[in-house]
Amino acid sequence: VPLAPFTDLLAAARRAGSAVAAFSVYDAESLVGVLRAAAGRPLIVLISSQVVAEPGGDLVVAGMLAMAERAPSPVALQLDHARDLDVIAAGCELGLGAVMADGSGLPYDENVAFVLAARALAAPRGIAVEAELGHLAGEEEVALAVDPGPLTDPAAAERFARETGADCLAVAIGNVHGIYRGAPHLDLEHLRAIAARVAVPLSLHGGSGLAASAVAGAVAGGMTKVNFNTELRQAYLARTADELPGARDGARLLALHRAQADAVAAVAAERFAVLSA
Ligand SMILES: [Zn+2]
17 VPLAPFTDLL
27 AAARRAGSAV
37 AAFSVYDAES
47 LVGVLRAAAG
57 RPLIVLISSQ
67 VVAEPGGDLV
77 VAGMLAMAER
87 APSPVALQLD
97 HARDLDVIAA
107 GCELGLGAVM
117 ADGSGLPYDE
127 NVAFVLAARA
137 LAAPRGIAVE
147 AELGHLAGEE
157 EVALAVDPGP
167 LTDPAAAERF
177 ARETGADCLA
187 VAIGNVHGIY
197 RGAPHLDLEH
207 LRAIAARVAV
217 PLSLHGGSGL
227 AASAVAGAVA
237 GGMTKVNFNT
247 ELRQAYLART
257 ADELPGARDG
267 ARLLALHRAQ
277 ADAVAAVAAE
287 RFAVLSA
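If you're matching positions, the sequence shown starts at 17 in my numbering and goes up one per residue.
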């Protein structure tokens with residue numbers, strides 16, 4: 017199956033009143049896990065900018081693209097959280113279908129300029145661009161307990177979407193990257209105010225750690241893409257720790273890999289169930 021256009025997946029989900037699940041993967045095992053859990057349903061595969069930057073990262077991404085093409089699901093691969101143009105250019109060069117140009121740590125005008133520069137690289141090749149306004153607390157690759165930061169201003173979001181021409185906009189409504197320090201609280205009224213003013217699909221980062229009801233509420237309130245990362249890494253590592261002693265006895269590497277893929281698939285399957293409910 018050829019890879020699906022990122023914007024088509026989001027448009028179809030929006031028409032259906034649902035959202036596309038987006039899962040971060042780091043290796044073949046985690047990708048096999050999410051593709052198995054998808055079982056033909058559409059999904060977005062998120063590839064960390066840090067994966068691309070690792071030695072051999074380009075080879076890993078090439079392998080992931082080939083794997084996704086063989087999957088029965090409509091899949092788009094997206095470079096996640098790129099904060100400089102060299103990384104955006106690398107993601108475009110590798111053949112990914114979308115890039116996230118994350119200028120959310122910059123002042124407003126610099127964020128706009130960054131997204132426009134990213135679009136100049138991506139759009140001529142038909143690559144979609146997601147942008148972010150309102151910086152999310154927490155880190156992507158190291159899960160720390162954090163409190164949410166300020167919420168994205170609806171009027172600023174409207175202007176930002178118009179000025180950047182981004183295909184998808186990540187916003188802050190009480191969500192965080194990593195681990196929620198207190199009980200998570202998404203401000204759905206605030207989300208509806210943003211959704212009423214922004215024409216392009218909205219994306220919820222930090223889906224891990226949210227109750228099923230919170231995710232469902234966010235989708236009903238206007239989120240069209242929901243990112244899951246931390247809980248997949250936690251499940252992968254916990255199962256690895258459990259299985260490692262047995263795997264070392266006899267150097268059973270394949271048994272370890274199967275357990276890792278199973279752990280990721282179980283978490284992803286739960287999240288698919290929430291989004292399709
Ligand atoms: Zn994110």
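From the three backbone atoms N, C-alpha and C, an ideal C-beta is built for every residue, glycine too.
Distance, Cα to Cα, Asp-169 vs Gln-94? Within the sequence shown, numbered from 1, the residue matching residue 169 stands at position 153. Within the sequence shown, numbered from 1, the residue matching residue 94 stands at position 78. For Asp-169 and Gln-94, the distance between alpha carbons rounds to 26 Å.
Exercise. Where does Val-158 land, buried or exposed, given buried means 16+ other C-beta within 10 angstroms?
Worked result: Taking the sequence shown and counting its residues from 1, one reaches residue 158 at position 142. It counts as exposed.
Once you ignore the five residues that flank Ala-211 on each side, which residues in its own chain have a CB closer than 7 Å to its CB?
The sequence position of residue 211 within the sequence shown is 195, counting from 1. Around Ala-211: Leu-218, Gly-237 and Gly-238.
- Figure out for me which residue from Ala-78, Ala-114 and Glu-155 has the closest Cα to the Cα of Ile-143. As a first step, residue 143 must be located in the sequence shown, where it is residue number 127. If we check each option's Cα against that of Ile-143, Ala-114 comes out closest.
- Where the alpha helix (DSSP H) through Ala-282 begins and ends: Stepping through the sequence shown from its first residue, residue 282 is reached at position 266. Segment 269–292, the alpha helix (DSSP H) holding Ala-282.
Minimum length 4: unbroken alpha helix (DSSP H) runs contained in the stretch 139–205
170–180
Please classify Gly-198 as buried or exposed, where buried requires at least 16 other C-beta atoms within 10 Å of its C-beta. The residue you call residue 198 lines up with position 182 of the sequence shown. Label assigned to Gly-198: exposed.
Compute every distance between the C-beta of His-221 and the non-hydrogen atoms of ligand 1, then say whether any falls below 7 Å. Numbered from 1 along the sequence shown, position 205 holds the residue referred to as residue 221. Yes.
Report yes if the C-beta of Asn-243 is less than 7 Å from at least one heavy atom of ligand 1; otherwise report no. What you label residue 243 is simply residue 227 of the sequence shown in a count that begins at 1. Yes, the Cβ of Asn-243 comes within 7 Å of a heavy atom of ligand 1.
Fully enclosed by the stretch 87–139, which alpha helix (DSSP H) runs are 4 residues long or longer?
101–110 and 124–138
Count the C-beta pairs between the stretch 18–30 and the stretch 249–259 that are closer than 8 Å, then say yes if the count reaches three, no if not. no
Integer Cβ distance of Val-131 from Ala-147, believed to fall under 8 Å: Walking along the sequence shown from the start, residue 131 turns up at place 115. Walking along the sequence shown from the start, residue 147 turns up at place 131. Confirmed, about 4 Å.
| request: Label Ser-65 either buried or exposed according to how many other C-beta atoms from any shown protein chain fall within 10 Å of its C-beta, with 16 as the threshold for buried. | output: Mapped onto the sequence shown, residue 65 falls at position 49. So Ser-65 counts as buried.
task = Using only the heavy atoms of ligand 1, determine whether one of them is closer than 7 Å to the beta carbon of Glu-156.
result = Numbered from its first residue, the sequence shown carries residue 156 at position 140. Yes, ligand 1 has a heavy atom inside 7 Å of this Cβ.
key: Asp-118 burial status per 10 Å Cβ neighbour count (16 or more: buried)   = The residue given as residue 118 occupies position 102 in the sequence shown. So Asp-118 ends up on the buried side.
query: Rounded to whole angstroms, how far is the Cβ of Ala-186 from the Cβ of His-221, which I believe are closer than 8 Å?
result: As a position in the sequence shown, residue 186 is number 170, starting the count at 1. As a position in the sequence shown, residue 221 is number 205, starting the count at 1. Sure, about 5 Å apart at Cβ, within 8 Å.
*Neighbourhood of Gly-154 by C-beta, 8 Å cutoff - its chain only, sequence neighbours within 5 removed*: Sequence index remark: in the sequence shown, residue 154 carries index 138 (1-based). Cβ within range, chain order: Leu-160, Val-162, Val-192, His-193, Gly-194, Ile-195 and Gly-222.
So, helix, strand or coil for Leu-216, using DSSP? As a first step, residue 216 is located in the sequence shown; it is residue number 200 there, counting from the start. In the sequence as presented, Leu is not what sits at residue 216; that position holds Val. Val-216: coil per DSSP, three-state reduction.
- Message: Tell me which residues share the same chain as Ala-138 and place their Cβ nearer than 6 Å to its Cβ, disregarding the 5 neighbours each side in the sequence.
- Response: The residue given as residue 138 occupies position 122 in the sequence shown. Cβ neighbours of Ala-138 beyond the five flanking positions: Cys-108, Val-115 and Val-145.
If you run the structure through DSSP and keep just helix, strand and coil, what is Ser-46? Counting from one through the sequence shown, the residue named residue 46 turns up at place 30. Three-state result, Ser-46: helix.
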